[in-house]
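Mapping to the working numbering: the sequence shown position 65 is 66, numbers consecutive.
Yeah, the Cβ is synthetic: ideal placement off N, Cα and C, and Gly gets one too.
Given the structure is predicted, the values throughout are model-derived calculations rather than measurements.
Here is the structure we will look at.
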Amino acid sequence: MSQPKKWVFTELVQDSDEPEQLIAYAMYKADKDDLARQCSARLLSDSDIVNKLTSFHENIAYSDRRLQDYRDKAKRAVNQLVDSVSERVGAAYDQKIAAMMDNHQSDLQEKWKKWGEDAALYSILLSQYGISGLEKAFYPGSVAEFLAWLRQRFLHCSLSVLCHFSLLQSGTLPEIH
């Protein structure tokens, strides 16, 4: 009595939604196609080619070791693909993070510069107009309005600087050199 016919596809592919198993079968088919091309190049007859391909199929289908070789080969191919994609994604991610950090550093330097300019202007204006107390800023007129605007702007810049210092203290931002 002969053994029941085994199919390489059903031996290699237990779950058709599993890419690794489908790749193992595709590798088997590529080897089978190579054999058919070699036989054809050697000018074997069609019946000899069919016999060679049938023999190849049976040698694979009934050999647990050769089936496992295809599974292992597919696993290595999938792992190489995942590693390659991971490296490319990681490099792109690192590049994007570096660009964001550069932009952030430029932004912070610009804010520091603006804060320094605003602080200097505020100091100059206070000394020029001789205003020493906050109560004088409530006098009606353009100087008082201007000083109120300037005070608000200075406060906004000061809050930005305080936020930056707190982020530096927490270690979430690098220092500007």
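Verify the CB distance criterion: does residue i have a CB-CB separation below 8 Å to chain D?
{"i": "D103", "result": "Any reference to chain D falls outside this structure, which holds one protein chain only."}
Do residue j and residue i count as a contact pair if the criterion is CB distance below 8 Å?
{"i": "L13", "j": "Y29", "result": "yes"}
{"i": "K6", "j": "Y63", "result": "no"}
Where does residue i land, buried or exposed, given buried means 16+ other C-beta within 10 angstroms?
{"i": "A75", "result": "buried"}
{"i": "L122", "result": "exposed"}
{"i": "V90", "result": "exposed"}
{"i": "A25", "result": "buried"}
{"i": "L44", "result": "exposed"}
{"i": "L82", "result": "exposed"}
{"i": "Y94", "result": "exposed"}
{"i": "V9", "result": "buried"}
Quick one: what's got a C-beta closer than 7 Å to residue i's C-beta in the same chain, skipping five residues either side?
{"i": "E21", "result": "A75, K76, V79"}
{"i": "A37", "result": "I50, L54"}
{"i": "R66", "result": "none"}
Who are the near neighbours of residue i in its chain, counting only those whose CB is closer than 6 Å to its CB and skipping five residues on each side?
{"i": "C40", "result": "I50, K53"}
{"i": "H178", "result": "Caution is warranted here: a pLDDT of 48 is assigned to H178, below 50, making its placement in the model unreliable, and the coordinate value is therefore given only provisionally. Same-chain partners within the cutoff: there are none."}
Please list, in chain order, all residues of the same chain as residue i whose beta carbon is under 8 Å from its beta carbon, the five residues on each side excluded.
{"i": "G134", "result": "Any answer about G134 is weak, because its pLDDT of 47 lies below 50 and its placement is not dependable; what the coordinates show is given next. Answer for G134: no residue qualifies."}
{"i": "E88", "result": "none"}
{"i": "Y71", "result": "L13, A25, Y26, M28, Y29, I61"}
At 3 residues or longer, and completely inside the region 31-62: list those beta strand (DSSP E) runs for me, N to C.
-> If we require 3 residues or more, the region 31-62 turns out to have no beta strand (DSSP E) run fully inside it.
When the Cβ atoms of the region 43-59 are set against those of the region 13-25, are three or more pairs found closer than 8 Å?
-> Result no; under three Cβ-Cβ pairs closer than 8 Å.
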